[in-house]
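*Asks:*
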Amino acid sequence: MDAGLFTANNVWMMLATALVFFMHTGFAFLEIGLTRQKNTINILFKNIFIITGGLLLYYAWGFNMMYPGFEDGDAGIFGFAGFGIAAPENGMTPEYADGGYTWWTDFLFQGMFAATAATIVSGAVAERIKIGAFMIFTVVYVGLVYPIVGAWKWGGGFLDSWGFYDFAGSTLVHSVGGWAALVAVALLGSRIGKFGEDGKPKAIPGHSIPMATAGVLILWLGWFGFNGGSVLSADPELTSLVLVTTSLAAAAGGFGAFLLSTVLYKNLDLTMFLNGILGGLVGITAGADLMSPNEAVVIGFLAGLIIVGGVALVDKLKLDDPVGAIAVHLICGIWGTLAVGIFGAKAGGEQLLTQFYGVVIVGAFCVITSLIILGTLKAIMGLRVSKEEEIEGLDIHEHGMDAYPDFTND
Amino acid sequence: MDAGLFTANNVWMMLATALVFFMHTGFAFLEIGLTRQKNTINILFKNIFIITGGLLLYYAWGFNMMYPGFEDGDAGIFGFAGFGIAAPENGMTPEYADGGYTWWTDFLFQGMFAATAATIVSGAVAERIKIGAFMIFTVVYVGLVYPIVGAWKWGGGFLDSWGFYDFAGSTLVHSVGGWAALVAVALLGSRIGKFGEDGKPKAIPGHSIPMATAGVLILWLGWFGFNGGSVLSADPELTSLVLVTTSLAAAAGGFGAFLLSTVLYKNLDLTMFLNGILGGLVGITAGADLMSPNEAVVIGFLAGLIIVGGVALVDKLKLDDPVGAIAVHLICGIWGTLAVGIFGAKAGGEQLLTQFYGVVIVGAFCVITSLIILGTLKAIMGLRVSKEEEIEGLDIHEHGMDAYPDFTND
Amino acid sequence: MDAGLFTANNVWMMLATALVFFMHTGFAFLEIGLTRQKNTINILFKNIFIITGGLLLYYAWGFNMMYPGFEDGDAGIFGFAGFGIAAPENGMTPEYADGGYTWWTDFLFQGMFAATAATIVSGAVAERIKIGAFMIFTVVYVGLVYPIVGAWKWGGGFLDSWGFYDFAGSTLVHSVGGWAALVAVALLGSRIGKFGEDGKPKAIPGHSIPMATAGVLILWLGWFGFNGGSVLSADPELTSLVLVTTSLAAAAGGFGAFLLSTVLYKNLDLTMFLNGILGGLVGITAGADLMSPNEAVVIGFLAGLIIVGGVALVDKLKLDDPVGAIAVHLICGIWGTLAVGIFGAKAGGEQLLTQFYGVVIVGAFCVITSLIILGTLKAIMGLRVSKEEEIEGLDIHEHGMDAYPDFTND
């Protein structure tokens, strides 16, 4: 491979890495925007902890646990290539990874992905989880659960051998986060005031819809890198197809949720529009490189409808998910994974079944490990802050500060 | 063309696309920052509708209406290459577009442009337009007017045959939006309280200048892609020249507006500084690839002066444009288009005349079509919300929610 | 060099330029977030002035003062290649700069750096400096001091001949800004209320921690370009190593500050976490291309500890630095510069001594020039706003406007 192509590939992958990093700003904005002012510092603290801690964990051992060097046909379940990220021979030459990028780029791109799973959980458990418990959970989940599941497919493990397909992580990232969010929300219980005495859900509005909107736009932008970088080179045809399918699915997802929610609830609900965009993005992620533009629009549009139903279902189940993480990341993550068997280049009954098995196996593993981790933490230290703290806000109690201390209105 | 060059070109164009997409975040911040809190959700909703709807329209037929396949010398006025975006033969190889990018990249880059015209209108009509009327207007304007005008020049139509030059859209994007903004503002009338009984304009301050400032900085960043991507390849000399002229014009535009407004009004007006930057950016857009750095500074600086005059003129005409869209996008769009005949590689009397004809023809078409669309909507459903709704805010009336529902100050 | 490689290099450098430009948004958010609402417009105005003015100065003469064409072994101190930025012969071909980029890209990348030094000062002097004095200071410092110091190393001057190493500017950018911040803070005195009658520092909380957090994340993102672009080509191995060391140092810096501040002060201090990230970034900047990932973690972690001590030291010295600029940019800038002699490919006693000499010489020059400029301004026009203005806020007095004029809470 000539130096120009290798360099162009690596440039694309480094910028995709930067864009995935920027998604953490998007998540932070989205989460604080949709929650109350009194818990803003707490949520930001969690997000900053996740990015820094997640990257350090991935450097310490996560990368080598996710890519343990399974050989073709190994059907591996667990492997570990050692601590640290010493580069292999030829790790910086086109011989590594077919010239798609260097070893360093590989690490950093994957490292930026790693923290995402924990961030998804962060939004769902906001406004009531103990920060200490969440930090420990994050370390174990990002440090162990995420890379082990990742190794099954992207590391060349048994799901890969079976033919399971997940291009950029509808299952491996979004559902992995979404399952833990589901377990955590179930164990934590709902926020005070979320369900009335009649059991009916009450909206607890957030404190800045502009921030939430900016968060979604930044996440869409970040998805250019999340999906576009998952081509693992700058292949012109594939990368540009992926950007087209990703953006069309986002647009169609937003539109689907907007139309359905307008018909059902008779008001122009911006939050649903935004969640529809995210649902479309998560939905296309598993097969963004396999779909035609038309198929991407269909997958995205259906994801938008699913979001409206999903949010209602979560409410119905008396689960309290302040930011809609379960509907967006878990339900649309499952939808996107199955869609690979229904639409596009790999569509077919066998593929659909394999996708289904993948969803179930990953789901079972994530639910069980989440139950163990969070159950243990609940037994030892408790997951939930005191009633007083929840009412007065986590910012003052855990951080001794307010998010807008000098904001005045005179 | 070797694979390295083709790949590097396409990487640049994909990232330019991402940057143009990010401009929508900039527009959203700018518009809500300069308007009142009670209409924030409404503006964000419009912006999200424009991005998603605009992209879907461009996918459905806009792209094929803007690039209908006019042949050299056709002097075409209207053409249509069919629904959808099926790629042509060789659409993904260096044979397409001289290896500058793939067909998919082409579509997405142009698609991100398409929505911009409607966004420009959005700011000018803020705080009083009926959301339903605006959505219908957007669909027709982005779906029909924008691509038809675009075809005249970028699609190889009659303006192109005449030698009209508009590198990245001072006319084709900014004026197209600006003319519609002018018509809409004239038909809508001014916001309650904008003009006193003496006819003198009163400032109606926005609700977050920090957001407006961030919006302008994001727009400047996005212009790296807007102008830089309009080279349609990563040609090192041309792309880097374009970034230099673009940034120098932005800086000089800001400075021009800052100096003139300080002299005239004796206060350090941040909003005018910001609008000067935008004016410089719009002003350089038509000829960013033709100008020397010195010429870019002159064009930008004059655009900055024009902004100060333009804002005063709009007020004088009793037009109420909350964000200064007419001065920035229409007046500086015209200035930038004419500047191609005055400065730089194509300067000359004949070119100036051609530029003038282009401005007039596009202006006439946009004004007429806007009048038809908005006039029809006004007759059928009305353009303007009720007095009560305008006073209480569009957020509560149209969306049933508040932008900062949990923002407290205790 | 083939066209593909040249183009890929230039694409990387242009996008690095865009990322460095985006850092100004990060600085703006950080500074206003950590200061009081009543001075927000003033700070934003300063930032916008710095970006536009800085770029124009660098175009007018700064670039040619920083890169005056010293020959190898010249040991030059001052040179000037003339006004404007006319491109040299072959400035757009691979013959220029070993094909790493074009002359235009070179100018714009360096131009985006130039303004940074003044921005660092802006945060430290916030809430009490006269805007006129600050603008004049900025013009002289960015227009003369910064490029002269830059020429000593990056322009091939005497520090370069001595073997002084500063990859991306721990000294040449961050300390240059930091020294001026120190002098300015000392001359200005502390804000009213910062030190009690007992001499003990009192926290003056800012007005939006979410904005400050977003600012830090944007700065981290921008550092991908700041350090990654300082490779001056897209060399796959070097650029990707630099991104890895930069991100690991940022993460480790945040963690170090988080751990130490939690141990010392027993609360989870988000601001300290954020400043630790910035400290790690500044600390790795001088040697980002020389360090292994392990060394980057150590350097970053130590920078995080230094931040906690540095902030306490600045307080102890009764210096009032609202955003922590002295600890972050000056102290960690010195640390990063010295670290080149302690860790990594160039470690050694002689190198450490050279690094030390560089720190001292640059420091002496910056302190002396800052004293002259600011001392002169103090004598002629005064540096500090009136007591009344400081209490009522600079926004109303200097700009006649409020940052959130229509923000309501009913």
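Just so you know, the protein sequences line up as chains L, U and C, in that order. Note that the first sequence covers residues 1 to 410 in the numbering used here. Note that the second sequence covers residues 1 to 410 in the numbering used here. Note that the third sequence covers residues 1 to 410 in the numbering used here. Glycine residues also receive a C-beta, built at the ideal position from the N, C-alpha and C atoms. Values in this document were obtained by computation on a predicted structure and should not be read as measured data.
(1) Looking at the structure shown, is Ile-129(L) part of a helix, part of a strand, or coil, going by DSSP?
(2) Out of curiosity, what's the CA-to-CA distance linking Pro-205(C) and Gly-382(U)?
(3) Give me the chain A residues within the contact set of Val-11(L), using Cβ-Cβ distance strictly less than 9 Å, ordered along the chain.
(4) Return no unless some Cβ of chain L is closer than 7 Å to the Cβ of Thr-25(U).
(5) Taking all protein chains shown into account, decide if Asn-90(L) is buried (16 or more other Cβ within 10 angstroms of its Cβ) or exposed.
(6) Per DSSP, which residues does Phe-195(C) bridge with? Please list them.
(7) My understanding is that Phe-273(U) touches Ile-129(C), with C-beta atoms under 8 Å, so please give their C-beta distance in whole angstroms.
(8) Is Leu-243(L) close to chain C, meaning its C-beta is less than 7 Å from at least one C-beta of that chain?
(9) Any C-beta of chain U within less than 9 Å: which residues of the region 365–390 of chain L qualify?
(10) Can you confirm whether Leu-274(L), when its beta carbon is compared against all beta carbons of chain C, has any partner nearer than 7 Å?
(11) Pairing CB atoms from the region 273–283 of chain L with CB atoms from the region 324–342 of chain L, are three or more of them under 8 Å?
(12) Taking any Cβ of chain U, which residues in the region 193–208 of chain L have a Cβ under 7 Å from it, in chain order?
(13) According to DSSP, what are the bridge partners of Arg-384(U)?
(14) Can you find a CB in chain U that lies within less than 7 Å of the CB of His-1(C)?
(15) Residues of chain U with a CB under 8 Å from the CB of Asn-294(L): which are they?
(16) Under 8 Å by Cβ, that's how I've got Tyr-96(C) and Ala-118(C) pegged, so tell me the actual separation to the nearest angstrom.
(17) According to DSSP, simplified to helix, strand and coil, what is Thr-262(L)?
(18) Measure the alpha-carbon distance for Ser-240(C) versus Gly-225(L) and round it to whole angstroms.
(19) Quick one: grab the DSSP three-state call for Val-308(U).
(20) The ligand HEM and Gly-393(U): does any heavy atom of the ligand fall closer than 6 Å to the residue's C-beta?
(21) Report, in whole angstroms, the separation of the C-beta atoms of Asn-9(L) and Thr-7(U), which I expect to be a contact under 8 Å.
(22) Please classify His-207(U): does DSSP put it in a helix, a strand, or coil?
(23) In chain C, which residues lie with their C-beta within 8 Å of the C-beta of Leu-5(U)?
(24) Quick one: what does DSSP say Ile-85(C) is sitting in, helix, strand or coil?
(25) Which residue wins for smallest C-alpha separation from Thr-116(L), given the options Val-20(L), Val-183(L), Phe-29(L) and Met-211(L)?
(26) Run the CB neighbour count on Gly-375(U), radius 10 Å, all protein chains shown included, and call it buried at 16 or more, exposed below.
(27) Starting from Met-153(L), trace the alpha helix (DSSP H) in both directions and tell me its first and last residue.
(28) Does any C-beta atom of chain L lie closer than 7 Å to the C-beta of Phe-255(C)?
(29) Identify the continuous alpha helix (DSSP H) that holds Gly-26(L) and give its terminal residues.
(30) Which residue spans inside the region 266–324 of chain L form an unbroken alpha helix (DSSP H) run of at least 4?
(31) When you compare the CB of Phe-224(C) with every CB in chain L, is at least one pair closer than 7 Å?
(32) For a contact meaning CB atoms closer than 8 Å, what does Leu-44(U) contact in chain L?
(33) Just to confirm before moving on: does the CB-CB distance between Leu-108(C) and Leu-243(U) stay below 7 Å?
(34) For Val-323(C) versus Glu-127(C), is the C-beta distance shorter than 7 Å?
(35) Go through its chain and collect everything with a Cβ distance to Ile-373(C)'s Cβ below 7 Å, but skip five positions before and after it.
(36) If the criterion is Cβ atoms closer than 7 Å, does the pair Pro-147(U) and Met-1(U) meet it?
*Replies:* To lay it out plainly:
(1) Three-state result, Ile-129(L): strand.
(2) 49 Å
(3) No chain A is part of this structure, whose protein chains are labelled L, U and C.
(4) Using a CB distance cut-off of 7 Å, Thr-25(U) counts as an interface residue toward chain L.
(5) exposed
(6) Pro-201(C)
(7) Phe-273(U) to Ile-129(C), Cβ: 18 Å. No contact.
(8) no
(9) Listed in sequence order: no entries.
(10) Chain C, which has no Cβ nearer than 7 Å to the Cβ of Leu-274(L), makes this no.
(11) yes
(12) Residues Pro-205, Gly-206, His-207 and Ser-208.
(13) Ile-129(U)
(14) Note on identity: in this sequence residue 1(C) is Met, with His being the wrong assignment. No - not a single Cβ of chain U is within 7 Å of the one on Met-1(C).
(15) Gly-84
(16) At roughly 29 Å, the Cβ-Cβ gap does not stay under 8 Å, so Tyr-96(C) and Ala-118(C) are not in contact.
(17) helix
(18) 16 Å
(19) DSSP places Val-308(U) in helix when its eight states are reduced to three.
(20) By its list of ligands, the structure shown contains no ligand whatsoever, and the ligand HEM lies outside what it can speak to.
(21) 7 Å
(22) coil
(23) Against chain C, a Cβ distance below 8 Å from Leu-5(U) picks out Asp-2, Ala-3, Gly-4 and Thr-7.
(24) In the three-state reduction of the DSSP assignment, Ile-85(C) falls in the coil class, being assigned neither a helical nor a strand state.
(25) Val-20(L)
(26) exposed
(27) Per the sequence presented here, residue 153(L) reads as Lys, with Met not at that position. It spans 146–153 - the alpha helix (DSSP H) in which Lys-153(L) sits, taken as one unbroken run.
(28) yes
(29) 3–33
(30) 270–285 and 293–316
(31) yes
(32) Ile-209, Pro-210, Thr-213 and Leu-270
(33) Yes, these two residues count as a Cβ contact at 7 Å.
(34) no
(35) Phe-137, Val-140 and Tyr-141
(36) no
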